[in-house]
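Asker: Numbers given in this note's numbering equal positions in the sequence shown, counted from 1, plus 688.
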Amino acid sequence: MRLDYLFSAWAQTPEDEQLLLGLIIRTVMENPSIPRDRLKGASFEDDFALNLQLSARLDEGTLARFWGSLNQPVRPAVQAWSAIPILPEAMTEFRRVQTRKIEYKSITDPRVSEVGPTPNPFSKRLDLGGGRNPK
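1) Which of helix, strand or coil does DSSP assign to F782?
2) Is DSSP giving F732 helix, strand or coil here?
3) Locate the beta strand (DSSP E) running through A771, then write down its first and last residues.
4) How long is the line joining the alpha carbons of V803 and L738, rounded to whole angstroms?
5) Suppose the cutoff is 8 Å on Cβ atoms and the five residues either side in sequence are ignored; what does the same chain contact list for L751 look like?
6) Would you kindly check if the distance between the Cβ of D735 and the Cβ of R724 is under 9 Å?
7) Starting from R714, trace the alpha helix (DSSP H) in both directions and tell me its first and last residue.
8) Pairs of beta-carbons, one from the segment 704-717 and one from the segment 772-784, closer than 8 Å: are there three or more?
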């Protein structure tokens, strides 16, 4: 799964904001991967490292929509992304569908007397094929 991050700096002056963004860029460039011992939780395997990469250029239209959704003017920002695997803990074996059956109820006449394979007297059964023929 791809994870995207948008880093922005808020300071008293634009110069301070640019300085903070420069520090963010430097930190990511000097630490392009985060080793497993720095990650919290049991979601990752022992030899996993989270790689963080800076995006080349931000799309101005996307940024304008993002900041507009927060009712804020467009601010300087740095975008980075990472990708993580999502693996289920236990794989379960599955079987192919061999028959298809649909049960339905009459919504116009609830007194339908046809009875399907269930004890519900209001249900009907529609066999779409693919199964064995009853003997």
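By construction, the Cβ of each residue, glycine as well, lies at the ideal position given by its N, Cα and C atoms.
Answerer: Walking through what the data contain:
1) coil
2) coil
3) A765 to A771
4) For V803, the predicted structure reports a pLDDT of 48, less than 50, and the residue's modelled location is therefore unreliable. The matter cannot be settled from this model.
5) V762 and A765
6) yes
7) P702 to E718
8) no
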